[in-house]
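Everything below concerns the one structure shown next.
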Amino acid sequence: MPPSPSPSKSLATALQTSLVLCERFASSLAPNASVDIPPSESNPDAPSSLSLLNAAATSLRSQATKLSLLSITAPFTPSAVATCLAPLNESILTSLVTAALLTTPEQFTPSFAAECRSIAAAALRDTESVLRLLEKRSQKTNPKAEVTELEKKAFTEATGRVWDDCDKLTALADGGVPGYVVHKSQQWLELMKDAVKELEDWDPEEDIDDEDLFGESLSDDEDDEDDNDNDTDKDDHKHGNPQNNGRAAISAGVKEQALKVLNRIPQSIHVVIKQRLEKMVGSTTAIDKDQITRLDTLLTHHRHISELMDESAEGMYLGDLELCLKKAGEARALTVQVVEAVIRPFTPPDRGGTDVETKEAQYIKRALQWIQQVDPGGVSRPTASESSATKVHE
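For the sequence shown, full-length UniProt numbering assigns the number 1 to the initial residue and increments by one for each residue that follows.
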């Protein structure tokens, strides 16, 4: 019977296996990777990929913590580390990549599936970083030697990144598609609010002087004639240049027009998130393909609205007032489309066996009125419900 390999050799073998698995599995999750996935309909009794993802992420987080502690605690024990690597190689890494691959665009929307694979790949790469540090630690000749503070910091930071990845995967698995759509929509909503705030704070009168775009009036190399011209320009500015004042007034007017529209967009999107999307999170009712398609479309629209609002503000900053109002109008039109899309609730319409309009539906209709009352023409169209519509953001 051949002698058993030494603990150091066993560790080296297990460690190399872990490194190879992390590298190959991460590659299989790349956006351009080609992997054959069996159709889910072939095994309807198979466990949910999100349940598998949750379990794998939780186990990986725990195992990375153990490996890190074993690495920085003297004496370094190869047999203990090899034992800790065994479940990583035998099940955890395989379960993680399997769960990510089974989270298909057809079942979970393209954006959700891409997010899942991206984070899982990051978790594998960050786990590989921990293993590389472990490999370096295992090569020290004196296992009783204490690790340096710099080495401890490296292990702590690398392990922290694995924790962060696993926490994101757990949140993704727990929330499912609805939770993901809510989270991403809230991120886009914050960007919409930022765009409005920046435009509100922008003062047309403090814009760059059209006659001095490059600050040439501050140059010390001007001749006397140029100095005299600059003095004249300064006097004009001091007493107010009618042309500049007129342009500033026009810009201020367009800014006000645009803000009448842009201010209401985040409020309407907030209602959609609060009264429709958040209601789906934690629901025990399984979502069907139609709902998945609707959710994915909404998320795409939220991103596009945020981009249009940025383009509208940029048009104002660059002096392209027509572009500013055009993009504000496009953002408003898409917001109307978003609110109209959720008039029909995601939950089954016969819930509770009643046709009575719900409070959520009333909020949605009010939000639709709220955004429809303004247009890039700049004039509100007040209605009898104007006072109540101002409360849509509550």
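Glycine included, C-beta positions come from ideal geometry on N, C-alpha and C. Fair warning: this is a prediction, and the values are worked out from it, not measured in the lab.
Quiz item: At a cut of 8 Å, does the segment 91-102 reach the segment 137-154 through at least three beta carbon pairs?
Solution: no
Quiz item: Are V281 and G160 closer than 8 Å when you measure CB to CB?
Solution: no
Quiz prompt | First through last residue of the alpha helix (DSSP H) which encompasses I269 | solution = 264-272
Quiz prompt | Whole-angstrom C-beta distance between L299 and V254, which should lie under 8 Å | solution = Contact flag wrong, Cβ pair sits at about 31 Å.
Quiz prompt | Q291 vs V336 beta-carbon contact at 8 Å | solution = no
Quiz item: What is the DSSP secondary structure of A74, counted as helix, strand or coil?
Solution: coil
Quiz item: When you compare each of K193, K327, V130 to L19 by their alpha carbons, which one comes out closest?
Solution: V130
Quiz prompt | Same chain, Cβ closer than 6 Å to L85, neighbours up to 5 away in sequence not counted | solution = A14, S18
Quiz item: Which same chain residues, not among the five before or five after L29, have their C-beta less than 8 Å away from its C-beta?
Solution: V97, A100, L101, R117, S118, A120, A121, L124
Exercise. Assign D201 to one of two classes, buried (16 or more other C-beta atoms within 10 Å of its C-beta) or exposed (fewer than that).
Key: exposed
Practice problem: Specify the secondary structure class of N32 as computed by DSSP and reduced to three states. | Solution: coil
Quiz item: For T156, does the count of other Cβ atoms within 10 angstroms reach 16, so buried, or fall short, so exposed?
Solution: exposed
Quiz item: Is the Cβ-Cβ distance between S34 and P78 less than 8 Å?
Solution: no
Quiz prompt | Close-in-space but distant-in-sequence residues of the same chain around A173 (CB under 6 Å, 5 per side omitted) | solution = L50, L53, N54
Quiz prompt | Residue range of the unbroken alpha helix (DSSP H) whose run includes E90 | solution = That residue, E90, is in no alpha helix (DSSP H); it is neither H nor E in DSSP.
Self-check item: Contact check, K144 vs A74, beta carbons under 8 Å
Solution: yes
Quiz item: With 16 as the cutoff for other CB atoms within 10 Å, does P178 come out buried or exposed?
Solution: buried
Practice problem: In the DSSP assignment, find the alpha helix (DSSP H) that holds E128 and state where it starts and stops. | Solution: 110-138
Exercise. Go through its chain and collect everything with a Cβ distance to K364's Cβ below 8 Å, but skip five positions before and after it.
Key: The displayed chain sequence assigns Ile, not Lys, to residue 364. Cβ neighbours of I364 beyond the five flanking positions: V271, V272, Q275, R276, V339, V342, I343.
Practice problem: Assign A252 to one of two classes, buried (16 or more other C-beta atoms within 10 Å of its C-beta) or exposed (fewer than that). | Solution: exposed
Exercise. Count the other CB atoms, across all protein chains shown, that sit within 10 Å of the CB of P31; report buried if there are 16 or more and exposed otherwise.
Key: exposed
Practice problem: Taking 8 Å as the cut-off, decide whether the C-beta atoms of residue 397 and A331 are in contact. | Solution: Look at the range of the chain in this structure, 1 to 394, and you will see that residue 397 is not part of it.
Practice problem: Compare the Cα-Cα distances from E360 to each of E278, S10, K260 and report the closest residue. | Solution: E278
Exercise. List the endpoints of the continuous alpha helix (DSSP H) containing R303.
Key: 289-317
Self-check item: Same chain, Cβ closer than 7 Å to H239, five either side skipped, listed in chain order
Solution: Any reading at H239 is ruled out, since the residue's pLDDT is 49, under 50, leaving its predicted position unreliable.
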